[in-house]
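Here is the structure we will look at, set down as structure tokens.
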Amino acid sequence: MSLNNIDKIRDDVDKINLEIMRLINKRANLVQKIGKVKNASGISRFDAVREREMLDLIAANNQGPFATNALQHIFKEIFKAGLEIQEDDHKEVLLVSRRTQSEDTVISFGSSIIGGGRQQIIAGPCAVESYEQTAAAAKEVKKYGLSFLRGGAYKPRTSPYDFQGLGLEGLKILRRAADESGLKAVSEVVSVKDLETASEYLDIIQIGARNMQNFDLLKEAGRMKKPVLLKRGLSATIEEFIYSAEYIISQGNSQIILCERGIRTYERATRNTLDITAVPILKKETHLPVLVDVTHSTGRKDLLVPAAKAAIAIGADGVMAEVHPDPASALSDSAQQMDFSEFEEFMSELTASGLLKTVKE
Ligand code: PEP
Ligand code: MN
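Residues in the sequence shown are numbered consecutively from 1, following the UniProt record's numbering.
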């Protein structure tokens, strides 16, 4: 057989490939029709008896050269793909889904943005403790050209006897410190009753891990005109996390930032287990910006730099980290907040890594 002949046969093979493609897509159309009927009548999509009948029909009619086993294997893959197409068709399409909006959501705060391929670092103390402490942290954050200051005013503490935050007074301090340093203010709200007032003082309303499924709070935050930073719950699956974001967007607020902050596992080496692949999964499934909180996920200062590098390398839109002028005297998370020299090291290592596309432009 000459080379010319091979080319001719290859042309025929290409034509057959296209024909097979046309036929399996035609089959998929029929499968979709069946899926609609099954869905309407509540019948389960997978039908083992029907599959067996189809495989038997193939076996009975096989004239080779493929062995029946091989053919059945190929057809089982086609059946499986058909089932998947039926499942996809009936999954509700969420407003936060990439299927609803293919472009990334980018949230603008004047000259600073979150999302859209630039990374932001949100830094500041765990809690607002005093004006002096917060203002000192704000100046430090500003020193590196950062744009966002965090600081908790309503602290969700494990023990009711621990420092609960300064409340409204804390929000006022945070706002003042942020304004004096030209920063945007980020703080957690734990109760529906404080949402309206808090939103007057904040640029970003944070909903913490412990409230990720506080559906009233999510819905109310969805009615605010401010961006919401939603943290993943301690034991929440990615799917549950996405549904929580849907609660917010379903009320009209599409300015949502997701934040992976580690989940509870059996591992004790870190405070929580940073689920780093949640970042690309969330970015693939939703159009929302995704941050990683390196402080609460690791709970270890020695892991902040590697965790932040990993977060950015894997596609996060930014990092959250805690910094305090005197962590030893901090009223919460004393062991895991960076002091200013550690923060300087953190910033310089991140900058030197070349991963950070923008701190400021
Ligand atoms: C926080 O960011 O202050 C905080 C309490 O984090 P989380 O909700 O992730 O525990
Ligand atoms: Mn903290």
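Virtual Cβ for every residue (Gly too), placed ideally from N, Cα, C.
Annotated as distal: residue 187 and residue 222, with beta-carbon spacing of 8 Å or more.
Counting along the chain, no beta strand (DSSP E) covers residue 67, and no H or E run does either. Along the stretch 158-202, the beta strand (DSSP E) occurs as fully enclosed runs of 3 or more residues at 184-188, listed in sequence order.
Taking a 10 Å sphere around the C-beta of residue 215, we find fewer than 16 other C-beta atoms and assign the residue as exposed. In the three-state DSSP reduction, residue 293 falls in the strand class (E or B). Taking the Cα positions, residue 102 is about 36 Å away from residue 267. DSSP places residue 286 in the strand class (E or B) of the three-state scheme. For residue 13, the uninterrupted alpha helix (DSSP H) run begins and ends at 3-41, by DSSP.
Residue pairing for residue 231: DSSP places it in a beta bridge opposite 259. Here the alpha carbons of residue 288 and residue 82 stand approximately 30 Å from one another. Within 7 Å of the C-beta of residue 321 there is not a single heavy atom belonging to ligand 1.
A distance below 8 Å separates the beta carbons of residue 213 and residue 244. Taken atom to atom, the span from the alpha-carbon of residue 32 to that of residue 79 is near 12 Å. No Cβ-Cβ contact shorter than 8 Å links residue 119 with residue 35. Taking the Cβ of residue 298 as the reference point, every heavy atom of ligand 2 lies at 7 Å or farther away. Under the three-state reduction of DSSP output, residue 149 falls in the strand class.
Under the DSSP definition of a beta bridge, residue 93 lacks any partner. With fewer than 16 neighbouring CB atoms inside 10 Å of its own CB, residue 15 falls in the exposed class. In the three-state reduction of the DSSP assignment, residue 344 falls in the helix class, which pools H, G and I. In this structure, residue 177 lies near residue 135, with their beta-carbon atoms less than 8 Å apart. One residue after another in chain order, those with a Cβ under 5 Å from a heavy atom of ligand 2 are 126 and 333.
Residue 267 carries a coil assignment under DSSP once its states are collapsed to helix, strand and coil.
Contact check for residue 152 against residue 185 fails: the beta carbons are separated by 8 Å or more. When the five nearest sequence neighbours on each side are left out, the beta carbons in the same chain lying within less than 7 Å of the beta carbon of residue 219 are those of 247 and 251, in order along the chain. Across the structure, residue 348 and residue 297 are spaced so that their CA atoms are roughly 21 Å apart.
Not a single heavy atom of ligand 1 lies less than 7 Å from the C-beta of residue 129. Sixteen is the threshold: when 16 or more other Cβ atoms of the shown chains lie within 10 Å of the Cβ of residue 199, as they do, the residue is buried. One Cα belongs to residue 93, the other to residue 99, and the distance between them is close to 7 Å.
For residue 120, the uninterrupted beta strand (DSSP E) segment begins and ends at 120-124.
When the Cα atoms are used, residue 295 and residue 88 turn out to be separated by approximately 37 Å.
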